[in-house]
Amino acid sequence: MVLSKNNRIDLLIEIYDQGYNKRAWHGTNLSGSLKGLKLPELLYRPHPKRHNIWEITLHCAYWKYVVLRRMVAGEKGSFPRKPSNFPALPNDKTLKNWKVDLDLLDEYHFKLRDVMSAFPESKLYKAPEDSKVSYIQTLYGISSHDLYHAGQIQLLKKMSRQKN
């Protein structure tokens, strides 16, 4: 990895990408955990009150949107799916609709990445007006969030496959 003058920004982007779609020493990232899934795996719940992989994927897209919104002081409520945090699955649960939601996750990953790459390093330790959490904490937090859910998805896949 070659760092530019914005060393902290470059490092944050590197960590962000490793948590999502770039090869890293720690193993499977979020994007890797979502590859090649079949509908029964996407919809499997270990308990009726627990989330499935598809819901977790939308949750991850939503939180990338939240971080993006905080970075640019964007308008609340503009995420394309409702409700917030864990958006509802489409009525028609097909692999085609799964791909649409997977693309939504990818879209928000790269939108946030673009904002990160242009973000002034001098603002990293400041917090947005509506938050007590600094931009840098928010950015490494979203990377941790991706990896947390990647591990959760790996576990759900294993449980789903053992059940079937």
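Taking our numbering, the leading residue of the sequence shown gets 1, the next gets one more, and so forth. Glycine is no exception: its CB is placed at the ideal position from the N, C-alpha and C atoms.
With H, G and I counted as helix, E and B as strand and the rest as coil, what does DSSP make of residue i?
i: F79; result: coil
i: I94; result: In the sequence as presented, Ile is not what sits at residue 94; that position holds Thr. Coil at T94, not helix or strand.
i: E208; result: Given a span of 1 to 164 for the chain in the structure shown, any question on residue 208 remains unanswerable.
i: Y44; result: coil
i: F169; result: Here the chain has residues from 1 to 164 only, and residue 169 is not among them.
In chain order, what residues of the same chain have a beta carbon less than 6 Å from the beta carbon of residue i, not counting five sequence neighbours either side?
i: E107; result: none
i: K82; result: none
i: P128; result: R70
i: I53; result: L42, I153, L156
i: K111; result: L68
Measure how close the beta-carbons of residue i and residue j come, nearest whole angstrom, since I'm counting them as under 8 Å.
i: Y44; j: R113; result: So it is not a contact: roughly 30 Å between Cβ atoms.
i: L124; j: S134; result: 7 Å
i: K159; j: P46; result: It is Met, not Lys, that sits at residue 159 in the sequence shown. Yes, they are in contact, since the Cβ atoms of M159 and P46 sit about 6 Å apart, within 8 Å.
Looking only at its own chain, which residues have a Cβ that is under 7 Å from the Cβ of residue i, when we skip the five neighbours before and after it?
i: Y65; result: F79, Y108
i: I55; result: One detail in the question is off: residue 55 reads as Glu in this sequence, not Ile. Hits under 7 Å: F86, L89.
Please list, in chain order, all residues of the same chain as residue i whose beta carbon is under 8 Å from its beta carbon, the five residues on each side excluded.
i: K132; result: none
i: C60; result: L30, L105, H145, D146, H149
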